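Heads up: the structure comes next, in structure tokens.
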Amino acid sequence: MKSMQRARRAGLAVVAVAVIGGSGVAVGAATATPSPAATSVQAAASAPPASGGSGTRVTLKAATIGGVSVLTNAHGLTLYWFASDTPTMSKCTGSCTAYWPPLLGSPRPGPGVTGTLGTVSRGGRSVQATYDGHPLYTYVGDNGPGQANGNNLDLNGGLWYEVRVSG
């Protein structure tokens with residue numbers, strides 16, 4: 005019985021470390037092995053907000069990838085536009101969003117960003133950021149900054165392109 009209580013306390017300590025660590029506060033290493041629940045809490049704490057409501061702000065940046073100036077999200081992931089979209093509607097819905105997650109929230113310009121920023125409604129209170137009239141997406145095949153694996157792909161009903169920074 006006492007060993008179960010100690011294990012629960014250790015699990016709670018890992019969860020506390022995960023939550024604090026996700027907020028950007030430096031913490032010491034935990035000695036306990038994280039449980040699946042603690043790992044989920046850590047992932048959720050470090051993930052960007054998923055609400056995408058009109059109050060959510062997302063910062064856009066410019067980066068050079070392969071000699072081309074492209075638009076990225078705040079984490080440096082390349083942003084894409086879908087040829088089937090219109091300036092007022094995203095055509096990527098349902099299973100398409102598993103491959104091409106929409107950039108949810110109202111955009112604000114970061115370093116090197118010029119062009120027209122806006123939003124389109126995704127239904128309910130959710131809004132998707134737009135750049136020069138194109139709804140914006142990331143690509144599940146990009147594992148980190150500096151990649152543009154989704155550029156010029158014909159997937160999910162149309163062509164996808166990296167967003168080039170105007171100017």
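Here the sequence shown is numbered in this note's numbering, starting from 5 and rising by one per residue. Beta carbons: idealized from backbone N, C-alpha and C, even for Gly. The structure displayed is predicted, hence computed values, not measured ones.
Check: Is there a Cβ from chain C that is less than 7 Å from the Cβ of Asn156?
Finding: Considering every chain present, this structure includes no chain C. It has just one protein chain.
Check: Does the region 62-81 come close enough to the region 90-106 that 3 or more CB-CB pairs lie under 8 Å?
Finding: no
Checklist line | Reduced DSSP secondary structure (H/G/I, E/B, other) of Tyr103 | finding: helix
Check: Leaving out five residues before and five after Gly162 in sequence, what residues of the same chain have Cβ atoms less than 7 Å from its Cβ?
Finding: These residues qualify, in order along the chain: Phe86, Ala87 and Ser88.
Note to self: Determine whether the beta carbon atoms of Ala133 and Thr82 lie at a separation below 7 Å.
What the structure shows: no
Check: In three-state DSSP terms, what is Tyr143?
Finding: coil
Check: Do you know how far the Cα of Val167 is from the Cα of Asp120?
Finding: One point to set straight first is that residue 120 is Thr, not Asp, in the sequence displayed. Spanning the two alpha carbons is a distance of roughly 13 Å.
Item checked: DSSP-derived helix/strand/coil call for Asp158 -> strand
Next item on the list: Tell me where the beta strand (DSSP E) around Lys65 begins and ends.
Entry: Counting along the chain, the unbroken beta strand (DSSP E) around Lys65 starts and ends at Arg61 to Ile69.
Next item on the list: Quick one: grab the DSSP three-state call for Val131.
Entry: DSSP places Val131 in strand when its eight states are reduced to three.
Checklist line | Coarse secondary structure for Thr123, derived from DSSP in three states | finding: strand
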